[in-house]
Amino acid sequence: GENVEQHPSTLSVQEGDSAVIKCTYSDSASNYFPWYKQELGKRPQLIIDIRSNVGEKKDQRIAVTLNKTAKHFSLHITETQPEDSAVYFCAASKVEMEYGNKLVFGAGTILRVKS
Amino acid sequence: GAGVSQSPSNKVTEKGKDVELRCDPISGHTALYWYRQSLGQGLEFLIYFQGNSAPDKSGLPSDRFSAERTGGSVSTLTIQRTQQEDSAVYLCASSPQGHSTEAFFGQGTRLTVV
């Protein structure tokens, strides 16, 4: 089955700097790669996602890149702000009508933005 | 409701007791998922419902775990004879359809087995 590894486990950056979190996946059939942000005690919330037919996607300060050949994808946050501090999870799935969108998650990255 | 609702938000139970966790998905969402999040870990898939049927139960860790969904809406996750290793946050998510990508998560139920 799919296996997702995420690095680093913790990341501290100065406010205004960029943050990069990387994930690798094992199943070449995976076709959907979301990133979730989870603040302490709250539900995970989707912040950006990418499908396998796209190499990069941006949404304001957040971008995701996908390298299908190497089976890795990355989250890039520019101009970090204290409110970006949270746990970030990457995930991979093979979206199919029969089996739905079963997400396999990485272990998470604790991002701390120091002001 | 406006979002996915789970109850209870917290549950403390004694080892060996049975517990039921409830998930009320977003109205009209046919796909429903249960995940488990252990302390400091990522989310682990448990089961997927499409309507009232469960085409993928591959993540249920043992036969002490079961889930059902009725009326294509509310789902309950039952853990029998709870063990300390069952302590975790149990999260439910729903999507409009099985092949929809975005999953909307509930707040979760924090289960503590003492």
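Protein chains in written order, with the numbering used here: chain A, 6 to 120; chain B, 6 to 119. Beta carbons: idealized from backbone N, C-alpha and C, even for Gly.
Below-8 angstroms beta-carbon distance, residue i vs any chain A residue
i	result
Glu107 of chain B	yes
Gln112 of chain B	yes
Asp23 of chain B	no
Pro13 of chain B	no
Ser67 of chain B	no
Three-way DSSP call (helix, strand, coil) for residue i in this model
i	result
Asp91 of chain B	helix
Pro30 of chain B	coil
Pro87 of chain A	helix
Tyr53 of chain B	strand
Thr74 of chain A	coil
Pro101 of chain B	coil
Gly111 of chain B	coil
Leu44 of chain B	coil
Nearest residue (CA-CA) to residue i, options the options
i	options	result
Ser14 of chain B	B:Leu26, B:Gly64, B:Gly21 and B:Glu107	B:Leu26
Lys20 of chain B	B:Phe110, B:Gly103, B:Ala108 and B:Thr87	B:Thr87
Glu7 of chain A	A:Val100, A:Ile55, A:Ser120 and A:Thr114	A:Val100
Phe70 of chain B	B:Phe110, B:Ser10 and B:Lys22	B:Lys22
Ser10 of chain B	B:Ser32, B:Gly76 and B:Lys16	B:Ser32
Cys95 of chain A	A:Gly60, A:Thr83, A:Leu108 and A:Gln86	A:Leu108
Leu96 of chain B	B:Tyr40, B:Asp29, B:Thr18 and B:Lys16	B:Tyr40
Val59 of chain A	A:Phe78, A:Gln65 and A:Ile67	A:Phe78
Contact list for residue i against chain B, beta-carbon separation under 9 angstroms
i	result
Glu101 of chain A	Gly103 and His104
Within-8 angstroms CB hit, residue i to chain B
i	result
Phe78 of chain A	no
Val69 of chain A	no
Gly60 of chain A	no
Leu51 of chain A	yes
Asp89 of chain A	no
Ala97 of chain A	no
Asp22 of chain A	no
Residues that residue i contacts on chain B, provided the C-beta gap is smaller than 8 angstroms
i	result
Val109 of chain A	Phe50
Contact set between residue i and chain A, taken where Cβ atoms lie within less than 9 angstroms
i	result
Tyr53 of chain B	Tyr104, Gly105, Asn106 and Lys107
Asp29 of chain B	Those do not exist, as Asp29 of chain B stays about 14 angstroms from chain A at its closest Cβ, beyond 9 angstroms.
Beta-carbon neighbours of residue i, restricted to chain A and to distances below 8 angstroms
i	result
Ala36 of chain B	Gly105 and Asn106
**Message:** Is it the case that the region 81-100 of chain A contacts the region 40-49 of chain A, given that we only count it when at least three CB pairs across the two stretches are under 8 angstroms?
**Reply:** yes
**Prompt:** Would you say the region 25-38 of chain A touches the region 7-14 of chain A, given that touching needs at least three Cβ pairs under 8 angstroms?
**Reply:** yes
**Item:** Contact the region 99-113 of chain B vs the region 45-55 of chain A: 3+ CB pairs below 8 angstroms
**Value:** Taking 8 angstroms as the limit for Cβ pairs, the verdict is that the region 45-55 of chain A does touch the region 99-113 of chain B.
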